[in-house]
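Chemist:
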Amino acid sequence: MFALQSLSLDHNLLTGTIPDAIGELTSLTMLDLGWNRLHGPLPNITRLTGLSRLYLDHNYLNGTVEELSELTRLEEVDISNNDFEGDLQAPLLGLPLLQSAYFHANPKA
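Per this note's numbering, numbering of the sequence shown is gapless, rising by one per residue and ending at 117.
1) Can you check whether the CB of residue 26 is closer than 8 Å to the CB of residue 56?
2) Whose CA, out of 67, 94, 111, lies closest to the CA of residue 24?
3) Between 11, 72, 90, which has its C-alpha nearest residue 36's C-alpha?
4) Three-state secondary structure (DSSP) at residue 65?
5) Which stretch, first to last residue, makes up the alpha helix (DSSP H) that contains residue 101?
6) When you compare only the Cα positions, how much space is there between residue 86 and residue 65?
7) Take residue 93 as the anchor and find which of 106, 74, 54, 60 has the nearest alpha-carbon.
8) Considering Cα atoms alone, identify which of 43, 113, 62 is closest to residue 95.
9) Tell me the rounded alpha-carbon separation between residue 99 and residue 111.
10) Would you list the residues sitting across from residue 83 in a DSSP beta bridge?
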């Protein structure tokens, strides 16, 4: 399971929080948890250093996203339509490979 590179669980009506164990999948290059009913803050995903695509859109996630700045291989990220707060752009601005970022519809940001 630790060699898993792509995990797509979008549109599955998943509920609850994102499990902390997701941060142990260190070979992931793509993670798609969009269009579910997930809530709560992001777990620690800073060990997912190879992640290039991250889709968390259309959930009920909250808290801040500062740790995204440590995912330096991110090329595309969608955290739109959640309840994230604070400055959502700043953690993404320094990502050298970032091509697309969607963070709209976070009313607390």
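From the three backbone atoms N, C-alpha and C, an ideal C-beta is built for every residue, glycine too.
Modeler: On the basis of the coordinates in this document:
1) In the sequence shown, the residue the question calls residue 56 occupies position 48. In the sequence shown, the residue the question calls residue 26 occupies position 18. It is not a contact, given that the beta carbons lie outside the stated cut-off.
2) As a working note, residue 24 is residue 16 in the sequence shown. The candidate whose alpha carbon is nearest that of residue 24 is 67.
3) Position 28 of the sequence shown holds residue 36. Comparing Cα-Cα distances from residue 36 to each of 11, 72, 90, the minimum goes to 11.
4) Sequence index remark: in the sequence shown, residue 65 carries index 57 (1-based). Three-state result, residue 65: coil.
5) Start at 1 with the first residue of the sequence shown, and residue 101 comes out as number 93. From DSSP, the alpha helix (DSSP H) with residue 101 extends over 98-101.
6) Mapped onto the sequence shown, residue 86 falls at position 78. Mapped onto the sequence shown, residue 65 falls at position 57. Approximately 6 Å, taken between the alpha carbons.
7) Taking the first residue of the sequence shown as position 1, residue 93 is located at position 85. Residue 74 is the option with its Cα nearest to residue 93.
8) Here the question's residue 95 lines up with position 87 in the sequence shown. Of the listed residues, the one whose Cα sits closest to residue 95 is 113.
9) As a first step, residue 99 is located in the sequence shown; it is residue number 91 there, counting from the start. As a first step, residue 111 is located in the sequence shown; it is residue number 103 there, counting from the start. Computed Cα separation, rounded: 12 Å.
10) Taking the first residue of the sequence shown as position 1, residue 83 is located at position 75. The partner list for residue 83 (beta bridge, DSSP) is empty, contrary to what the question assumes.
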